[in-house]
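Just so we're aligned, residue -10 is where the sequence shown starts under the numbering used here, counting upward by one. The C-beta atom is built at its ideal place from N, Cα and C for all residues, glycine as well.
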Amino acid sequence: MSIHPDVAHDPYAESIDPSVHCNTCEAVCCRLTVYILAGDVVPSWLTVHDEHGMEQMERSDDGWCVALDRNTMRCTIYEARPGVCRKFAMGGPYCRDERDTWFGKPGGGIAITVVADHG
Ligand code: SF4
Ligand code: SF4
């Protein structure tokens, strides 16, 4: 196995599980609180401020970030997503923990229900 020089001595990077992929997930990390930090350029209509004045991505009643496309489960502002999202490593410990929690809990994995409109 070869390790890229940039991650040669990064325990976190080395702990990535390459078998984990977003394609087999339900964007569970997009249900987490995502704070907007200096340098982020997220449109203000997608954010809210908490009781401490901290700006964060708004989440809908279903629990997912408002910037998530509910049909594709992909980020609609991917190129302008917050730094917090950029740093969230697919297959990393935090990712795996969120997935384990989500898919392990009763009812997990079927949170989104598409209801056909038969007019
Ligand atoms: S980063 Fe992890 S938790 Fe987030 S969508 Fe991808 S696999 Fe799921
Ligand atoms: S901004 Fe995009 S990547 Fe970040 S939580 Fe929202 S949908 Fe997910």
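Asked                                                                                                                           : Found
Any heavy atom of ligand 2 within a distance shorter than 6 Å of the CB on Leu57?                                               : yes
Output the boundary residues of the beta strand (DSSP E) element that contains Val37.                                           : Thr36 to His38
Is the beta carbon of Cys74 within less than 6 Å of some heavy atom of ligand 1?                                                : no
For Cys54, is the beta carbon positioned less than 6 Å from some heavy atom of ligand 1?                                        : no
Report yes if the C-beta of Val17 is less than 6 Å from at least one heavy atom of ligand 1; otherwise report no.               : yes
Is it right to say Met43 is buried, meaning 16 or more other beta carbons lie within 10 angstroms of its own, or is it exposed? : exposed
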